[in-house]
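**Student:** Encoded as structure tokens, here's the structure I'll be asking about.
Chains as they are written, first to last, in the numbering used here: chain A, 249 to 906; chain B, 8 to 444.
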């Protein structure tokens with residue numbers, strides 16, 4: 249046949265390009281796709297794709313052309329995609345017809361496709377293949393018969409399982425499982441019988457386990473007796489498949505049976521049963537059984553009972569769980585009880601835990617109880633007691649309390665929290681205290697009151713450590729009246745306080761300190777101070793650009809000043825990174841200037857391609873086009889790909905404009 | 008005393024960023040309390056093997072190796088260098104040279120001492136390798152996307168049930184505190200009645216071309232036939248093996264829609280308490296695909312051009328990759344991989360619970376899997392959860408690809424009156440492989 253290159257050219261045009269919304273995907277007519285299949289000069293790729301498309305929307309007319317490719321090792325799978333997709337009996341007929349003329353993997357492929365289609369007419373031919381190991385397709389044929397799952401195929405499978413060659417029995421077992429699965433929906437009795445046959449066969453354990461699960465499920469409520477029997481098995485794998493199967497069952501008989509087993513099972517199984525009961529049987533009998541096991545002799549059983557109470561317990565269980573937390577018989581029990589106590593609802597439970605906290609001396613127990621409060625829904629009544637605990641000399645207790653106060657403290661607690669902060673001698677403890685302060689301020693609607701309190705603290709004579717704490721907290725809420733006082737700290741002889749202040753200013757929630765920071769960067773003789781000031785200024789400028797907190801001209805001015813102040817490659821990289829976050833033409837133009845800087849041109853190219861892609865996909869491809877020519881050559885494949893993509897986007901935008 | 012300098016600011020927009028308290032945390036039973044997975048007893052270690060562990064798999068493994076009740080003993084890969092790199096990693100951790108390399112997956116799966124496998128091949132192998140593993144009696148932790156088509160994920164979920172194994176899909180964000188917290192807000196009614204769930208996804212692509220053919224490398228370096236596995240044949244090119252398989256129709260699920268969609272749409276399913284169902288209508292627009300549940304709640308799958316690109320109006324850059332946003336009539340929450348949680352104004356005061364910084368580590372997700380191996384309970388991203396999330400993703404992607412609204416019957420898992428979409432639910436498997444095992 250002569251090659252029709254025009255047709256193939258049209259066909260290939262849609263292969264590599266990403267489809268775009270609103271544009272119908274390239275979809276050649278069926279007749280043309282059939283034509284491509286017949287042209288050996290079309291190449292493998294074009295014919296492979298044509299097969300796939302015929303599978304998606306092809307018609308019976310395509311069947312002969314597809315069937316002709318079943319003998320082609322490179323295209324057979326593609327051809328089967330076509331045939332499996334075409335909803336016409338001729339497709340299955342073509343696959344059946346091919347059985348007699350194929351060998352090896354190609355034959356197996358066709359057998360698999362007949363299984364996918366559940367082609368009942370193929371059962372006799374598949375049966376012959378299944379019973380003839382020399383065919384090389386016996387295993388595949390068995391599985392296909394399992395998919396077909398009609399009377400004839402099941403008879404063949406039973407025969408293969410009972411008396412077929414030994415090497416085929418695992419395949420026969422798998423096929424029986426497939427067949428039984430289909431039968432569950434048609435005839436559950438048939439399914440159960442088939443599962444029982446596999447269970448009784450001499451096949452590897454995974455098949456017997458699968459059949460065991462199936463046998464229980466197929467019997468519905470009647471499967472509980474079998475389940476119980478299996479739970480008593482000495483074989484762990486059998487017990488485990490029973491435990492897995494429990495999750496797919498329900499009903500009063502199941503609950504009663506599992507509770508019955510709970511009394512006699514070995515401890516490891518008791519623990520598993522407790523979890524399974526909580527997962528599947530949420531009835532009064534279950535909760536009674538679980539409560540009883542809280543005082544079991546074995547620790548693993550008690551721990552599992554505590555865990556289970558977290559799933560189905562109620563406020564009546566709070567006292568037992570509380571004891572589980574503080575008795576500390578084992579770490580696992582305490583953790584399990586604490587986790588569950590956190591889940592028990594009700595203010596009564598809150599009060600119970602708080603009272604116990606106030607009356608417990610042991611620091612470890614108190615820390616554990618505070619963690620429970622932290623994990624529970626917030627209770628306003630807890631803040632007072634927690635502030636007391638936050639000042640505890642035991643670091644575990646203090647840290648736990650401060651951590652929990654983040655959820656509970658408000659502005660009214662600020663003076664007390666500030667007092668605790670002043671006493672912190674440990675760095676992590678102070679960090680926890682500051683965190684609580686910040687959350688208390690941020691959560692409040694009255695940030696002015698919070699700011700006033702903190703500013704008053706800053707103005708007081710005091711330790712630099714405390715000043716730093718107030719500065720960080722003020723910065724986190726962006727309390728503008730505090731800025732002049734904070735700026736005074738930059739004149740401190742303590743370089744650590746200066747650094748801390750510069751960093752804190754960079755976290756201001758709006759760009760208010762940007763100008764001051766740039767002024768410092770421009771004037772300081774100290775390189776480290778300049779870098780820090782620039783870091784904070786660029787962070788604010790980028791955030792302002794991204795969040796549209798300032799006009800473009802203002803942001804551009806900040807970046808220009810930062811660029812002029814930058815001395816080191818590290819400082820320039822900061823600016824390039826900041827500009828990379830600013831998706832605008834103004835930022836892009838500034839970024840482009842760095843493409844000529846040998847110290848940062850690689851970073852600048854990466855950022856420019858990212859920003860450029862956004863602009864080109866928007867409306868500003870004209871700004872991107874001249875910069876494309878200036879992008880440096882690169883050996884980075886990923887960057888190279890992105891540049892190529894950008895070129896295409898610009899070209900497409902330009903073509904669209906024309 | 009020095010002050011810790013590396014602390015993250017707490018700002019107004021994102022004041023809740025930190026690890027979730029127990030309200031939304033999954034119940035985790037201490038592993039050694041329960042015991043007893045496939046062959047694992049109390050106090051016994053879970054013996055784990057790997058299949059196809061590349062960059063993602065080695066990251067997963069790096070968080071699994073420190074787990075004291077797990078022992079990684081073997082790996083299997085069609086690429087020699089990758090297998091050796093994993094062996095080196097495991098041996099270095101354990102201080103020995105015991106990790107065994109297999110080139111043949113079947114040999115590796117035949118080892119009776121191995122209880123479970125970690126699978127992190129490319130998408131084309133995920134479903135089949137998982138099925139072969141469950142048939143061999145192993146529990147499976149499989150990276151997402153777990154299949155290339157609707158039919159593959161159906162076969163996988165059915166196979167896991169058939170063989171009664173514990174399966175965890177690698178959609179780790181269900182085990183991460185910030186996402187758990189966002190879902191908790193939705194479940195507890197603090198957002199009011201949910202109406203819109205935003206799931207970020209990459210802009211989908213469809214690539215049908217083949218890279219130029221090159222001579223195949225020696226099989227002992229890279230076995231191209233095994234690398235392809237169930238995917239249809241095409242000539243070798245080293246770039247596929249180096250990771251450029253992504254985007255190609257025959258190798259990547261849903262034209263890269265599932266790369267993030269398997270996570271973000273999964274979180275929306277969870278937030279809407281729809282693990283047992285799926286949206287019924289899917290319609291693509293220029294910058295997003297909208298999916299609607301029967302109850303009217305909609306998921307908007309927003310195309311993000313780059314992970315940290317311009318996200319207005321739906322997402323803040325500061326929430327990092329994979330952002331989601333749940334909106335109800337009383338408030339909204341947005342979070343992402345950065346662990347920052349942003350709440351609507353009214354909600355800040357109401358939802359006081361503080362969550363503390365969490366990383367992207369998949370350790371908690373793997374821990375949930377190992378604990379379930381012992382209890383035989385279903386993990387958080389079990390085969391049923393995976394199945395529905397993936398099918399919803401495929402449906403969304405198909406609506407985009409076909410350029411029309413499609414309707415899904417969530418029970419039959421069929422598209423209503425749309426033969427073409429239904430035909431696109433599956434492709435033939437390259438011989439001799441089959442998903443029906």
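Note that beta-carbon positions come from the ideal geometry of N, C-alpha and C, so glycine has one too.
Quick check on residue 56 of chain B: does DSSP put it in helix, strand or coil?
**Tutor:** In the structure shown, residue 56 of chain B sits in a strand (DSSP, three-state: E or B).
**Student:** If you scan the segment 820-899 of chain A from start to end, which runs of the alpha helix (DSSP H) of 4 or more residues do you find wholly inside it?
**Tutor:** With a minimum length of 4 residues, the continuous alpha helix (DSSP H) runs that stay inside the segment 820-899 of chain A are 833-841, 849-865 and 869-876.
**Student:** Is the CB of residue 171 of chain B under 8 Å away from at least one CB in chain A?
**Tutor:** Taking Cβ atoms only, chain A reaches closer than 8 Å to residue 171 of chain B, which makes this a yes.
**Student:** Contact check, residue 534 of chain A vs residue 560 of chain A under 8 Å by CB: the rounded distance?
**Tutor:** Contact flag correct, Cβ pair sits at about 7 Å.
**Student:** Are the C-beta atoms of residue 345 of chain B and some chain A residue less than 8 Å apart?
**Tutor:** No, no contact with chain A.
**Student:** Would you kindly report the start and end of the unbroken beta strand (DSSP E) that includes residue 387 of chain B?
**Tutor:** From DSSP, residue 387 of chain B is part of no beta strand (DSSP E); its letter is neither H nor E.
**Student:** By how many angstroms is the C-alpha of residue 66 of chain B removed from the C-alpha of residue 392 of chain A?
**Tutor:** Straight-line Cα distance between these residues: approximately 38 Å.
**Student:** Please name the residues in the segment 354-377 of chain A whose beta-carbon is closer than 7 Å to at least one beta-carbon of chain B, in chain order.
**Tutor:** If the cut-off is 7 Å between Cβ atoms, the segment 354-377 of chain A has 354, 356, 357, 360, 361 and 363 near chain B.
**Student:** Just the Cα atoms here: how many angstroms apart are residue 266 of chain B and residue 477 of chain A?
**Tutor:** In a straight line, the C-alpha of residue 266 of chain B is about 44 Å away from that of residue 477 of chain A.
**Student:** Interface residues of chain A around residue 270 of chain B at Cβ under 9 Å?
**Tutor:** Neighbours of residue 270 of chain B on chain A: none; closest Cβ ~22 Å, over 9 Å.
**Student:** Taking any Cβ of chain A, which residues in the segment 373-391 of chain B have a Cβ under 7 Å from it, in chain order?
**Tutor:** Here the close residues are 382, 383, 384 and 385.
**Student:** Specify, as a first and last residue, the run of the alpha helix (DSSP H) that residue 554 of chain A falls within.
**Tutor:** From DSSP, the alpha helix (DSSP H) with residue 554 of chain A extends over 547-560.
**Student:** Ignoring anything shorter than 4 residues or poking outside the segment 71-151 of chain B, list the alpha helix (DSSP H) runs there in chain order.
**Tutor:** With a minimum length of 4 residues, the continuous alpha helix (DSSP H) runs that stay inside the segment 71-151 of chain B are 87-101, 112-116 and 130-142.
**Student:** What's the gap between the Cα of residue 127 of chain B and the Cα of residue 83 of chain B?
**Tutor:** One C-alpha to the other measures close to 11 Å.
**Student:** Report the rounded CA-to-CA distance for residue 504 of chain A versus residue 275 of chain B, giving the unit in angstroms.
**Tutor:** Their Cα atoms are separated by approximately 37 Å.
**Student:** Count the other CB atoms, across all protein chains shown, that sit within 10 Å of the CB of residue 411 of chain A; report buried if there are 16 or more and exposed otherwise.
**Tutor:** Answer is exposed; the Cβ neighbour count stays below 16.
**Student:** Using the beta-carbon count (16 or more within 10 Å), is residue 424 of chain B buried or exposed?
**Tutor:** With fewer than 16 Cβ atoms within 10 Å of its Cβ, residue 424 of chain B is classed as exposed.
**Student:** Does any CB atom of chain A fall closer than 8 Å to the CB of residue 217 of chain B?
**Tutor:** Closer than 8 Å to some Cβ of chain A, the Cβ of residue 217 of chain B qualifies, so yes.
**Student:** Taking 8 Å as the threshold (C-beta atoms), are residue 436 of chain A and residue 224 of chain A in contact?
**Tutor:** Nothing in the structure corresponds to residue 224 of chain A, since chain A is present only between 249 and 906.
**Student:** Can you say whether residue 364 of chain A is buried or exposed, counting buried as having 16 or more other CB atoms within 10 angstroms of its CB?
**Tutor:** With 16 or more other Cβ atoms within 10 Å, it is buried.
**Student:** My output table needs one value for residue 209 of chain B: the three-state DSSP class, helix, strand or coil.
**Tutor:** In the structure shown, residue 209 of chain B sits in a strand (DSSP, three-state: E or B).
**Student:** For the segment 335-418 of chain A, which segments carrying the alpha helix (DSSP H) assignment without a break, of at least 4 residues, lie completely within its bounds, in sequence order?
**Tutor:** Counting whole runs of 4 or more residues, the segment 335-418 of chain A contains the alpha helix (DSSP H) stretches 337-346, 352-364, 371-378, 386-396 and 399-411.
**Student:** Exposed or buried, what is residue 389 of chain B when buried is set at 16 or more other beta-carbons lying within 10 Å of its beta-carbon?
**Tutor:** The residue is buried, with at least 16 neighbouring Cβ atoms inside 10 Å.
**Student:** So which residues of chain B does residue 883 of chain A contact, with C-beta pairs closer than 7 Å?
**Tutor:** Neighbours of residue 883 of chain A on chain B: none; closest Cβ ~14 Å, over 7 Å.
**Student:** So, residue 278 of chain B versus residue 193 of chain B, is the Cβ gap smaller than 8 Å?
**Tutor:** Cβ atoms of residue 278 of chain B and residue 193 of chain B: closer than 8 Å.
**Student:** Between residue 560 of chain A and chain B, is there a C-beta pair that is closer than 8 Å?
**Tutor:** No, residue 560 of chain A does not count as interfacial toward chain B.
**Student:** Pairing CB atoms from the segment 109-119 of chain B with CB atoms from the segment 48-62 of chain B, are three or more of them under 8 Å?
**Tutor:** Judged by Cβ distances under 8 Å, the segment 109-119 of chain B makes contact with the segment 48-62 of chain B, as three or more pairs qualify.
**Student:** Along the beta strand (DSSP E) that carries residue 910 of chain A, what are the first and last residues, could you check?
**Tutor:** Lying before the first or after the last residue shown, residue 910 of chain A is absent from chain A, which here runs from 249 to 906.
**Student:** Alpha carbon to alpha carbon, how far is residue 526 of chain A from residue 247 of chain B?
**Tutor:** Going by the C-alpha atoms only, they are around 48 Å apart.
**Student:** Determine whether the beta carbon atoms of residue 329 of chain B and residue 207 of chain B lie at a separation below 8 Å.
**Tutor:** Yes; because the gap between Cβ atoms is below 8 Å, this pair is in contact.
**Student:** Quick check on residue 310 of chain B: does DSSP put it in helix, strand or coil?
**Tutor:** Three-state DSSP puts residue 310 of chain B in a strand.
**Student:** Using C-beta distances below 8 Å, list every residue in its chain close to residue 162 of chain B, excluding the 5 sequence neighbours before and after it, in chain order.
**Tutor:** 134, 138, 154, 442 and 443.
**Student:** Does the structure place the segment 426-435 of chain B close enough to the segment 199-214 of chain B that three or more beta carbon pairs sit under 8 Å?
**Tutor:** They do not touch, by the three-pair rule.
**Student:** What residue ranges within the segment 290-332 of chain A form continuous alpha helix (DSSP H) runs of no fewer than 4 residues, ordered along the chain?
**Tutor:** Fully enclosed alpha helix (DSSP H) runs of 4 or longer: 292-305 and 311-315.
**Student:** Buried or exposed for residue 103 of chain B, going by 16 or more other Cβ atoms inside 10 Å?
**Tutor:** Exposed is the call here.
**Student:** Please name the residues in the segment 323-337 of chain A whose beta-carbon is closer than 9 Å to at least one beta-carbon of chain B, in chain order.
**Tutor:** Answer set for the segment 323-337 of chain A: 323, 324, 325, 326, 327, 328, 329, 330, 331, 332, 333, 334 and 335.
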